[in-house]
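> Pasting in a structure now, in C-alpha cells, and then I'll have a few things to ask.
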Amino acid sequence: MVRRNTRQRLLALLFPERCCCCGKPVPCGSVVCGDCRPRLKRILPPLCRYCGCALRDCGCGKHKKHTERCAAPFYYEGAGKSALHRLKFGGREYAAEMFCLSMAETVKREYNGVRFDCIVPVPLSPSIKQKRHYNQSLILAKGLSGLLGIPCADILMKKYETTPQRELPAYRRSGNVLGVFDLSPGAELRKESGILLVDDTITTGATLDECAKILKLYGAGAVYAIAATASRLSGTEK
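Structural data, given as C-alpha cells:
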C-alpha cells in the first residue's frame with residue numbers, strides 16, 4: 025500500500041489531487057483511484073537480481089551484469105504502464121509520486137543494509153530532453169533523494185543519439201547503447217562509492233548495464249538499480 029506521510033498530506037491540500045495512473049480526481053491523501061488500484065501489477069519478492077521481476081515470472085536468462093542487483097515495484101502492465109506513459113510522454117510530473125513512494129519502499133526492502141553515497145539517474149540524449157523539457161528518470165531520482173535522504177547526482181550524459189530501445193528487438197539493445205554514455209564534464213565520483221542508479225523501466229537491462237559499466241570505470245564500487253517498472257520481456261525500455 026502506498027501511503028503519504030503527514031508532511032505530504034499537508035502539501036497535498038495545496039495542489040489538485042489526481043490519480044497518478046489515469047488523472048481522475050482522488051480524495052486528499054490518495055495517489056491512485058479505486059478503479060486503477062486493482063490494475064497495478066505489483067512485483068512481489070523474491071526478485072530476480074538481474075531483471076527485477078519476481079522469480080516466478082523471470083525469463084531473463086540470468087546473464088551477469090555490471091549492476092549488483094535490479095529491482096522495481098511494478099510490472100510494466102495495466103495501470104503502472106498508464107502512469108509511466110503519463111510521466112514519460114504526457115508531461116504529467118505528478119504521476120511520479122506513486123512511483124517514488126513505491127520505489128523507496130522497494131529500496132528499503134531489497135537493499136536493506138546497503139550504503140548509498142548518491143542516487144544517479146539514467147540520462148536522456150540532448151535532443152530528447154529538449155523535446156520533452158525534462159528527464160523522467162531525473163524526476164524519479166530527485167523524489168527518491170527526498171524520501172531516502174540520499175543526495176541526487178546527475179552526473180551521467182548520453183553522448184550520441186540512438187534508436188529508441190523500445191523500437192528494437194531484445195537482441196539488438198545492448199549494441200544500441202554500447203559506448204553512448206559517459207561521465208558529464210566536470211562531474212566527480214568518489215572512489216568505491218555506492219550508487220543507486222535510477223531508470224523508468226527495465227526490460228533487457230541493457231541501458232542500466234551500460235550506465236553501471238561507465239560508473240564503475242570511473243571508480244564506483246557497487247551499482248544497484250531501481251526502476252519504476254520492469255517488463256516480463258514484453259514491454260519497452262528507454
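Mapped onto my numbering, the consecutive letters of the sequence shown carry residue numbers 25 to 262.
We treat Cβ as the ideally placed atom computed from N, Cα and C, and that holds for glycine.
None of the values given here were measured: they were computed from a predicted structure.
Could you tell me the boundaries of the alpha helix (DSSP H) in which residue 238 lies?
Residue 238 -> alpha helix (DSSP H) spans 230-241.
> Here's the rule I'm using: 16 or more other beta-carbon atoms within 10 Å means buried, otherwise exposed. How should residue 191 be labelled?
For residue 191, the predicted structure reports a pLDDT of 49, less than 50, and the residue's modelled location is therefore unreliable. The matter cannot be settled from this model.
> Quick one, are the C-beta atoms of residue 140 and residue 44 less than 9 Å apart?
Going by C-beta atoms, residue 140 is not nearer than 9 Å to residue 44.
> With residue 123 as the anchor, note down where its alpha helix (DSSP H) starts and where it stops.
Element bounds for residue 123: 120-134.
> For the structure I just gave you, are there three or more beta carbon pairs, one from the segment 243-256 and one from the segment 205-217, closer than 8 Å?
They touch, by the three-pair rule.
> Given this structure, state the Cα-to-Cα distance separating residue 112 from residue 165, to the nearest angstrom.
So the alpha carbons of these two residues sit roughly 14 Å apart.
> Answer with buried or exposed for residue 11, where buried requires no fewer than 16 other C-beta atoms within 10 angstroms of its C-beta.
It is not possible to answer for residue 11, since the shown part of the chain is limited to 25 through 262.
> Residue 83: buried (16+ other C-beta within 10 angstroms of its C-beta) or exposed?
Residue 83 comes out exposed.
> To the nearest angstrom, how far is it from the Cα of residue 53 to the Cα of residue 150?
About 36 Å.
> Are residue 172 and residue 237 closer than 9 Å when you measure CB to CB?
Against a cut-off of 9 Å, the Cβ pair of residue 237 and residue 172 comes out as no contact.
> Does the Cβ of residue 159 have 16 or more other Cβ atoms within 10 Å, making it buried, or fewer, making it exposed?
Buried, because 16 or more other Cβ atoms sit within 10 Å of the Cβ of residue 159.
> Does residue 81 come out as helix, strand or coil in the three-state DSSP assignment?
Helix, per DSSP.
> Do you know offhand how far residue 317's Cα is from residue 134's?
This structure gives no information on residue 317, because the portion of the chain shown stretches from 25 to 262.
> Going straight from the alpha carbon of residue 231 to that of residue 170, what length do you get?
Computed Cα separation, rounded: 25 Å.
> Please state whether DSSP places residue 162 in a helix, a strand or coil.
In this structure, residue 162 counts as helix in the three-state DSSP scheme.
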